[in-house]
Amino acid sequence: FRHREDYVLIKLGHPDRPNPVSPPPVPPVLWKIYNQRMGSKAPKKNQDLCYVEEFNVPGSIIRVFPDQGEFAPWSPEHPSNLCLQKIIFFNLSIMEKEEVVTMGRLELRFNQNAYYGLTFELRLYMTRMLSLKEIHNQKSSRKLLAAQTFRLLHKSLYFDLTNVCETWRNHRKNLGLLLEIFSRDEGTLDECWRIQTFLSTSLITVTLNPLQCKKPRTKR
Amino acid sequence: SYGTLPLMASNICKKRRLYIDFKAVGWQNWVIAPHGYFANYCHGECPYPLTMMLRGSNHAILQTLAHSFAPEDVPLPCCVPIKMAPISMLFYDNNDNVVLRHYDNMAVDECGC
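Those protein sequence lines, which keep their order, are chains A and B. First residue of the first sequence? That's 3 in my numbering, and the numbers climb one at a time after it. First residue of the second sequence? That's -4 in my numbering, and the numbers climb one at a time after it.
Spelled out as structure tokens, the structure:
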């Protein structure tokens, strides 16, 4: 049976039988898309399962990656209004080489809005590997991806990382992200350090396997 | 074993129900949904003459004709899927990522000769 099972698993894109160690909860957005396709009310005919309507992009595989990074320890060299500095890392090595990334979206979710009304500043950098020449030219190993102020309301912040994910397909270039959050209101620093406790980060990607999803033939 | 089937209505080529239960094959800890699904399969005779119900291809009709002339040399046509359906599966991969993936041709909708 195991021999035959291996054959089936490889056909389904699994090098071997997956064995999750600490499976996370299923994100609501994946349940929503799954029920749209397979639920009792799902249309039985002509579903284009090579297109993800939820995100309006072509794709046959949707993955949610947990963040494997960590918070940077506090250092006296940090600016006085820095609330948190976090290394964010997603391991994309599971993607098959034929897959093409059609969407990559980072989600920052604050599970509590205890700081209702306060304004923070956020900066998101991509960590880059520098060549010797770039090091010599004192090029920064951080590329700014996003900088914005935000108020802690009960919602998530989303960042388009489609191009970054395509860069990360080359695993040697996948050095993750650096997230910095600063407080903008005086006198809240000792409070905002606790922001780390309810921050959660995840990446959702949509990829297209051209071997699986053939372009529909143009109608004659 | 086709030859051994006595010709009865129930042995005519048609879709047969087959439910794949992922728990039965030990996949329940990594497949989140569905718990199983109707894969079905095709089985049965494609006798001469092929009636409309058997949805025979033109070639299959010719083959039944050839079989009636030379049964030793030309077998009857086969009963095969002629329409299949995809399914989507929600599962954990080896890195504990949650994946929703679409798989083509996983279930038999219709059979024919």
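Quick reminder that beta carbons are idealized off the backbone N, C-alpha and C, glycines included. Keep in mind it's a predicted model, so treat the numbers as computed, not measured.
Bridge-paired residues (DSSP) for residue i
i         : result
Gly71(A)  : According to DSSP, which records beta bridges pairwise, Gly71(A) is partnered with nothing at all.
Lys10(B)  : Cys37(B)
Gly107(B) : Val75(B)
Gly239(A) : Examination of residue 239(A) is not possible in this model, given that chain A is present from 3 through 222 alone.
Asp16(B)  : Gly31(B)
Ser185(A) : Phe122(A)
Tyr160(A) : Glu109(A)
Arg88(A)  : It should be pointed out that residue 88(A) corresponds to Lys in this sequence rather than to Arg. Looking at the DSSP assignment, Lys88(A) forms a beta bridge with Phe73(A), Leu181(A).
Met47(B)  : In the DSSP output, where bridge partners are listed per residue, Met47(B) has none listed.
Met128(A) : Lys145(A), Leu179(A)
Leu95(B)  : Ile64(A), Leu85(B)
Option nearest residue i by Cα separation, candidates the options
i         : options                                   : result
Thr207(A) : Pro68(A), Lys157(A), Met131(A), Cys85(A)  : Pro68(A)
Arg186(A) : Leu213(A), Leu154(A), His173(A)           : Leu154(A)
His30(B)  : Val69(B), Asp91(B), Val20(B)              : Val20(B)
Glu168(A) : Asn83(A), Gly106(A), Val59(A)             : Gly106(A)
Leu147(A) : Asn37(A), Glu136(A), Leu124(A)            : Leu124(A)
Ile89(A)  : Arg6(A), Leu179(A), Phe122(A)             : Leu179(A)
His38(B)  : Pro44(B), Leu49(B), Tyr32(B), Ala28(B)    : Leu49(B)
Arg130(A) : Asn172(A), Glu98(A), Phe152(A), Glu109(A) : Asn172(A)
Leu13(B)  : Met101(B), Trp25(B), Asn35(B)             : Asn35(B)
Leu177(A) : Ala149(A), Phe200(A), Phe122(A), Ser95(A) : Ser95(A)
Gly71(A)  : Cys215(A), Ser204(A), Thr209(A)           : Ser204(A)
Distance between residue j and residue i (C-alpha atoms, nearest Å)
i          : j         : result
Ser202(A)  : Tyr160(A) : 12 Å
Cys52(A)   : Leu213(A) : 11 Å
Lys175(A)  : Cys74(B)  : 52 Å
Cys41(B)   : Tyr9(A)   : 31 Å
Val28(A)   : Val93(B)  : 7 Å
His97(B)   : Asp68(B)  : 42 Å
Val59(A)   : Val102(A) : 12 Å
Ser63(B)   : Pro72(B)  : 12 Å
Gln290(A)  : Asp99(B)  : Residue 290(A) is absent from the model: chain A starts at 3 and stops at 222.
Ile27(B)   : Ile183(A) : 35 Å
Lys18(B)   : Ile197(A) : 42 Å
Asn21(A)   : Arg6(A)   : 18 Å
Asn113(A)  : Ser158(A) : 9 Å
Tyr(-3)(B) : Glu98(A)  : Since pLDDT at Tyr(-3)(B) reaches only 41, below the 50 mark, its modelled position is unreliable, and the value read off the structure follows with that caveat. Near 41 Å, if we compare the C-alpha coordinates of Glu98(A) and Tyr(-3)(B).
Leu0(B)    : Gly107(B) : The pLDDT assigned to Leu0(B) is 49, lower than 50, so where the model puts this residue is not dependable; a value taken from the coordinates is nonetheless given after this. Taking the straight line from one Cα to the other gives about 18 Å.
Pro45(A)   : Pro26(A)  : 29 Å
Asp16(B)   : Gln23(B)  : 9 Å
Asp91(B)   : Val23(A)  : 7 Å
Asn93(A)   : Ala61(B)  : 59 Å
Trp33(A)   : Leu210(A) : 20 Å
Gln150(A)  : Gln87(A)  : 15 Å
N- and C-terminal bounds of the beta strand (DSSP E) containing residue i
i         : result
Pro76(B)  : 75 to 87
Ser63(B)  : Premise fails: Ser63(B) lies in the alpha helix (DSSP H), 53 to 64, not in any beta strand (DSSP E).
Ala44(A)  : Neither: Ala44(A) is in no beta strand (DSSP E) and is coded neither H nor E.
Val208(A) : 201 to 210
Arg153(A) : 144 to 153
Continuous alpha helix (DSSP H) stretch holding residue i: start and end
i         : result
Cys167(A) : 164 to 170
Val31(A)  : 30 to 40
Ile12(A)  : 4 to 13
Lys135(A) : 134 to 138
Original post:
Can you list, in chain order, the residues of the stretch 71 to 100 of chain B whose Cβ is nearer than 9 Å to any Cβ on chain A?
Top reply: Ala80, Pro81, Ile82, Ser83, Met84, Leu85, Phe86, Tyr87, Asp88, Asn89, Asn90, Asp91, Asn92, Val93, Val94, Leu95, Arg96, His97, Tyr98, Asp99
Subject >> Where the stretch 14 to 39 of chain B meets chain A: residues whose CB sits under 9 Å from a CB there >> reply: Val20, Gly21, Trp22, Asn24, Trp25, Val26, Ile27, Ala28, Pro29, Tyr32
Original post:
Quick one, which residues of the stretch 71 to 86 of chain A are near chain B if we go by CB-CB under 7 Å, in chain order?
Top reply: none
Subject >> Contact residues within the stretch 25 to 49 of chain A, judged by C-beta distance below 7 Å to chain B >> reply: Pro25, Pro26, Val28, Pro29, Leu32, Ile35, Tyr36, Arg39, Met40
**OP:** Output, in sequence order along the chain, the residues in the stretch 53 to 65 of chain A whose CB is closer than 8 Å to any CB in chain B.
**Re:** Ser62, Ile63, Ile64, Arg65
**OP:** With 7 Å as the C-beta to C-beta threshold (strictly closer), list the residues of the stretch 93 to 112 of chain A near chain B in chain order.
**Re:** Asn93, Ile96
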